[in-house]
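Encoded as structure tokens, the structure appears first; notes follow it.
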């Protein structure tokens with residue numbers, strides 16, 4: 005399991021080549037060696053991806069699509085896109101990000117291009133790992149104050165007040181998703197959570213409540229992101 009890949013400007017500058025393309029592979033350093041023997045590797049992408057135009061970092065992340073191929077080259081198999089920055093480039097950014105991940109041969113979970121795509125997937129991605137059926141689910145508590153009005157289906161958001169605090173948790177949504185995953189034959193349920201406050205080094209009461217609810221609902225593994233610190 006890798007953590008959040010947060011695409012700040014310094015990384016894009018470092019990856020820029022002499023022919024004005026982007027190569028992030030040197031930045032991954034020894035990581036490919038560390039995960040080479042893994043049967044399945046996952047990470048979280050904290051940015052939207054696009055070809056051309058202006059690339060930006062905080063507060064609205066928009067990065068070159070080249071990072072997708074380099075994530076795959078590093079050895080990752082699945083990318084979580086349900087983060088606070090999933091809508092930084094609005095609906096077009098969600099679509100272009102997923103298109104780039106598809107082109108790189110990466111599985112993904114957390115955002116969707118159409119309502120049918122979300123409905124048919126059950127808001128999850130299934131993987132057979134050495135005969136073990138694993139359901140990957142992903143949720144974010146906020147969207148960096150960017151509304152998803154008109155394309156709510158495109159983002160796996162687990163709070164009803166995602167623009168004003170992200171504390172009113174839709175526990176029923178997560179419970180029903182986990183239950184459906186089990187009914188679909190999942191042996192393991194793996195949940196990505198974008199939660200908590202940045203730079204806080206201890207979990208909040210809300211995070212404990214969410215974790216307890218996920219475990220009660222049947223989650224086996226919970227991987228938290230968003231805080232940017234251990």
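Numbering (this note's numbering), first residue to last: 5 to 234. Beta carbons are placed, not taken as given, at the ideal position from N, Cα and C, and that holds for glycine.
Quick one: what's residue i bridged to in DSSP?
{"i": "residue 111", "result": "82"}
{"i": "residue 132", "result": "137"}
{"i": "residue 67", "result": "53"}
{"i": "residue 94", "result": "Answer is none; residue 94 lacks a bridge partner."}
{"i": "residue 228", "result": "197"}
{"i": "residue 47", "result": "83"}
{"i": "residue 142", "result": "196"}
{"i": "residue 26", "result": "20"}
{"i": "residue 9", "result": "49"}
{"i": "residue 266", "result": "Residue 266 lies beyond the range of the chain shown here (5 to 234); nothing can be said about it."}
Going straight from the alpha carbon of residue i to that of residue j, what length do you get?
{"i": "residue 194", "j": "residue 224", "result": "6 Å"}
{"i": "residue 163", "j": "residue 47", "result": "22 Å"}
{"i": "residue 33", "j": "residue 212", "result": "34 Å"}
{"i": "residue 59", "j": "residue 97", "result": "12 Å"}
{"i": "residue 135", "j": "residue 183", "result": "21 Å"}
{"i": "residue 13", "j": "residue 100", "result": "20 Å"}
{"i": "residue 73", "j": "residue 196", "result": "22 Å"}
{"i": "residue 160", "j": "residue 128", "result": "10 Å"}
{"i": "residue 190", "j": "residue 137", "result": "5 Å"}
{"i": "residue 229", "j": "residue 200", "result": "8 Å"}
{"i": "residue 112", "j": "residue 82", "result": "5 Å"}
{"i": "residue 123", "j": "residue 31", "result": "37 Å"}
Taking the alpha carbon of residue i as the point to measure from, which residue in the options has its own alpha carbon closest?
{"i": "residue 151", "options": "103, 120, 66, 166", "result": "166"}
{"i": "residue 10", "options": "221, 52, 125", "result": "52"}
{"i": "residue 221", "options": "228, 192, 233", "result": "192"}
{"i": "residue 143", "options": "27, 18, 215", "result": "215"}
{"i": "residue 203", "options": "177, 231, 169, 218", "result": "231"}
{"i": "residue 158", "options": "102, 208, 30", "result": "102"}
{"i": "residue 117", "options": "45, 40, 95, 20", "result": "95"}
{"i": "residue 84", "options": "106, 175, 63", "result": "106"}
{"i": "residue 109", "options": "208, 115, 50, 80", "result": "80"}
{"i": "residue 75", "options": "6, 156, 206, 186", "result": "6"}
{"i": "residue 43", "options": "179, 114, 131, 149", "result": "131"}
{"i": "residue 153", "options": "91, 218, 45, 64", "result": "91"}
{"i": "residue 126", "options": "70, 218, 178", "result": "178"}
{"i": "residue 149", "options": "64, 45, 115, 174", "result": "64"}
{"i": "residue 119", "options": "104, 218, 156, 133", "result": "156"}
What is the C-beta distance between residue i and residue j, in whole angstroms, given that I count them as a contact (C-beta under 8 Å)?
{"i": "residue 188", "j": "residue 139", "result": "7 Å"}
{"i": "residue 54", "j": "residue 24", "result": "In fact, because the Cβ distance is near 15 Å, the residues do not count as touching under 8 Å."}
{"i": "residue 146", "j": "residue 67", "result": "Between residue 67 and residue 146 the Cβ distance is about 20 Å, and since that is not below 8 Å, they are no contact."}
{"i": "residue 78", "j": "residue 35", "result": "6 Å"}
{"i": "residue 19", "j": "residue 27", "result": "6 Å"}
* To do: Can you check the stretch 159-219 for any alpha helix (DSSP H) of at least 4 residues that lies completely inside it and give the ranges in chain order?
  => Entirely contained in the stretch 159-219, the alpha helix (DSSP H) runs reaching 4 residues are, in chain order, 175-187.
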